[in-house]
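*Asks:* Mapping the sequence shown onto numbering that gives the first Met the number 0, position 72 (from 1) lands on 71, and the numbers just tick up by one.
Beta carbons: idealized from backbone N, C-alpha and C, even for Gly.
Below is one structure. I have some questions about it.
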Amino acid sequence: MRFITIALLALVTMRPAFPQATATQKLGPLDGNPTIFAVLAAINAAGYDTEIDSPTNNPLRAQLRDHLSKVNIPSLPALKRFVRDHHLPNAVDDLGQYISFALLSKGAPDFKPAVPNFPMPADADRLHDFPALMEAFYQEADLGTLWNLSQPAYEAELVKYTDPISRATQSVNAYLRNPLNQQTKGKFQVFIDLLGAPNQVHARIYLEEYFVVITPSPEPRIDEIRHHYLRFWGDGYGFKFAADINKIKNLGDYALTSPILGQAYREDFVLLATECFIRAVESRLDKKPDMATTAMREGFVLAPAFVELLPKYEAQPDTMRNYFPDLLKGISTKKEMARLDKIDWITERQVKTIRVTVQAKAPVLTGNAKILEDAEEAFRAGKLAESKEIWAKLMASTDDRPTQARSYYGLGRVALSERNPERADQLLRKVLELNPDASTLAWSLVYLGKLADSQGEGDAAKQFYSKALAVAGLPDQVKREAEQGMTGAFFKNRPPEAAAPEEEEDEDLDDLP
């Protein structure tokens with residue numbers, strides 16, 4: 000396979016771009032946020048203790064609180080009174096008001112509203128006296144320096160999210176057939192917050208910007224992020240095709256009898272219909288038809304109708320943005336009324352249970368297993384040169400074929416991170432010649448498939464995906480990626496080359512980097 004210069008987006012865990020100490024700079028689509036950091040540092044110092052003993056807290060929260068407790072901060076007594084007087088009994092609402100404030104603030108040094116004439120939502124408006132306190136606390140606690148010192152903690156957490164979020168948004172883009180590099184009016188932004196009470200996800204829509212803020216949790220909250228990303232696009236369909244949606248508004252009357260449907264959905268049929276569409280797409284992406292039935296029983300009454308119509312969309316070439324009116328036209332009022340007349344409502348909201356326990360200590364690794372894990376940790380932390388050196392030295396010191404396969408796999412991912420797809424292809428093919436474990440083999444085949452897709456070699460790519468699906472014991476995530484690859488989701492037409500130079504011989508892989 001001959002390679003041209005390419006950028007393989009979302010192929011491997013890439014190191015994100017991290018913000019500096021100022022709150023005014025442009026942040027990446029997945030980042031920490033210096034203003035949220037400053038606001039939550041302040042309230043932690045001032046008595047925000049929600050779930051402070053939870054083992055799911057990021058260690059940074061306790062470290063920062065301990066540091067601030069030893070610093071002379073003249074504004075702290077007034078800040079403590081403010082946090083006490085504005086405490087809300089619901090833990091999500093209590094933190095949520097400060098997140099709303101931070102997202103709408105221009106940050107340091109004065110923490111005033113970023114858009115002064117923008118009407119403040121109620122939760123942020125009740126904190127209208129907060130900017131003066133934040134301005135003083137920021138200077139006295141030297142939060143700019145603390146933000147810089149906190150970057151390793153944010154970097155480690157962002158690495159956990161970067162690849163899974165990329166895969167989730169890529170799956171949505173592929174399903175909706177969103178054009179690459181399109182110009183959209185809105186922006187979707189995910190912020191990681193390490194100082195809030197754990198296991199919370201906050202979503203906000205301000206003007207044309209959609210924000211999702213995630214606090215620490217035992218596992219990355221990818222499903223919820225994907226849901227909000229679908230809403231980011233679905234809201235656009237709802238706005239554009241509101242008149243078409245309202246033609247079937249009478250079906251929304253059935254939802255009013257649901258005992259658990261939220262008030263916003265009762266008052267806005269376009270919002271309800273959009274959420275039904277989102278639930279249906281999730282059902283198709285996860286290949287779980289029962290999800291749509293459950294959604295209907297919760298009050299999202301059109302979810303089964305959308306699920307039944309989506310295969311027709313999938314079989315044609317147009318984008319969802321263009322096809323959405325046809326999807327709506329396919330909904331039969333008579334058929335849905337007959338379905339909804341027999342509905343069996345769910346009477347209690349399903350609450351996602353997150354088990355927060357102290358995890359058992361992992362077994363102590365030794366020998367090659369320890370070396371491989373050290374290399375993986377370095378790679379996850381973005382230390383490409385270090386991980387590369389570890390894997391290369393290990394290969395030179397062992398004849399164990401599974402260990403060599405893991406090392407080639409690691410070096411292949413480093414090559415991808417370094418934007419060297421030709422080298423990555425060579426290294427990942429070496430994995431196939433050894434005796435890799437199921438996960439290493441399956442992932443290598445998926446990466447090779449994506450590399451082939453990036454060169455417009457669809458048939459070769461599907462051979463790799465097919466082989467990955469045939470691996471016994473392959474991880475579920477690999478299975479989803481390979482199945483998606485078989486649909487052509489990652490295929491890119493290869494641009495014409497100006498001149499086709501003679502084929503060069505492959506590098507000698509015995510001389511590893």
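1) On the DSSP bridge list, what partners appear for Q188?
2) Less than 8 Å between the CB atoms is what I'm expecting for I330 and I247, so what's the real figure, rounded?
3) Whole-angstrom Cβ separation of N57 and E156, contact assumed at under 8 Å?
4) For A202, which residues does DSSP report across the bridge?
5) Whose C-alpha, out of I259, L250 and R283, is nearest the C-alpha of V269?
6) Using DSSP with H/G/I as helix, E/B as strand and the rest coil, what is L301?
7) Thinking C-beta only, is A101 closer than 7 Å to T34?
8) Mapping the DSSP letters down to three states, classify G472 as helix, strand or coil.
9) Assign L327 to one of two classes, buried (16 or more other C-beta atoms within 10 Å of its C-beta) or exposed (fewer than that).
10) Measure from the alpha carbon of A304 to the alpha carbon of each residue in P288, A374 and Y407, then state which is nearest.
11) Distance check for A121 and S99, CA to CA, integer angstroms please.
12) At 4 residues or longer, what runs of the alpha helix (DSSP H) sit wholly inside the stretch 376-442?
13) With a threshold of 16 other CB atoms inside 10 Å of the CB of N89, please say whether the residue is buried or exposed.
14) Below 6 Å CB to CB, which residues in the same chain sit around G484 once its five sequence neighbours on both sides are set aside?
15) Would the C-beta of A90 count as close to the ligand SAM, meaning under 6 Å from any of its heavy atoms?
16) Leaving out five residues on either side along the sequence, give the residues of the same chain with a beta carbon under 7 Å from the beta carbon of A279.
17) Could you pull the DSSP bridge partners for G31 from this structure?
18) Rounded to the nearest angstrom, what separates L415 and A423 at their Cα positions?
19) Exposed or buried, which one is G487 when buried takes at least 16 other CB atoms within 10 Å?
20) Quick one: any contact between the stretch 187-204 and the stretch 48-56, if contact means 3 or more CB pairs under 8 Å?
21) For the alpha helix (DSSP H) that Y47 lies in, which residues bound it at each end?
22) Does the count of Cβ pairs from the stretch 469-480 and the stretch 438-452 closer than 8 Å reach three?
23) Quick check: the Cα distance between K239 and P324, rounded to an integer number of angstroms?
24) Can you check the stretch 46-112 for any alpha helix (DSSP H) of at least 4 residues that lies completely inside it and give the ranges in chain order?
25) What residues in its chain sit with their C-beta under 7 Å from that of L29, if we drop five residues either side in the sequence?
26) With a Cβ-Cβ cutoff of 7 Å, do A45 and L78 count as a contact?
27) Given this structure, state the Cα-to-Cα distance separating R60 from H86, to the nearest angstrom.
28) In three-state DSSP terms, what is L271?
29) Looking at C-alpha atoms only, which residue of V70, L431 and K311 is the closest neighbour of D141?
30) Relative to the C-alpha of Y407, which residue among D399, V300 and W390 is closest?
31) Let's test the definition: count the other Cβ atoms within 10 Å of the Cβ of M336 and tell me whether it reaches 16, buried, or not, exposed.
32) When you compare only the Cα positions, how much space is there between I353 and D398?
*Replies:* Let me lay it out:
1) F210
2) Contact flag correct, Cβ pair sits at about 6 Å.
3) 7 Å
4) V211
5) Nearest C-alpha to V269: L250.
6) coil
7) yes
8) coil
9) With a 10 Å radius around the Cβ and a threshold of 16 neighbouring Cβ atoms, L327 comes out buried.
10) Of the candidates P288, A374 and Y407, the one whose C-alpha sits nearest the C-alpha of A304 is P288.
11) C-alpha separation (whole angstroms): 9 Å.
12) 383-396, 400-416 and 420-431
13) N89 counts as exposed, since fewer than 16 other beta carbons sit within 10 angstroms of its beta carbon.
14) So the qualifying residues of the chain are G448 and Y464.
15) Ligands are entirely absent from the displayed structure, and the ligand SAM is therefore not among its contents.
16) A291, A302, F305, V306 and L309
17) I191
18) 6 Å
19) Exposed, by the Cβ-count rule.
20) yes
21) Looking at the DSSP string, Y47 is not in any alpha helix (DSSP H), and its letter there is neither H nor E.
22) yes
23) Rounded to the nearest angstrom, the two C-alpha atoms are 10 Å apart.
24) 58-68, 75-84 and 90-102
25) P15, L157, Y160, T161, I164 and V189
26) Cβ atoms of A45 and L78: closer than 7 Å.
27) 19 Å
28) Helix at L271.
29) For D141, the nearest C-alpha among the options comes from V70.
30) W390
31) exposed
32) For I353, the pLDDT reaches just 49, beneath the cut-off of 50, and the residue's location in the model is therefore unreliable, although a value from the coordinates is still provided. C-alpha separation (whole angstroms): 43 Å.
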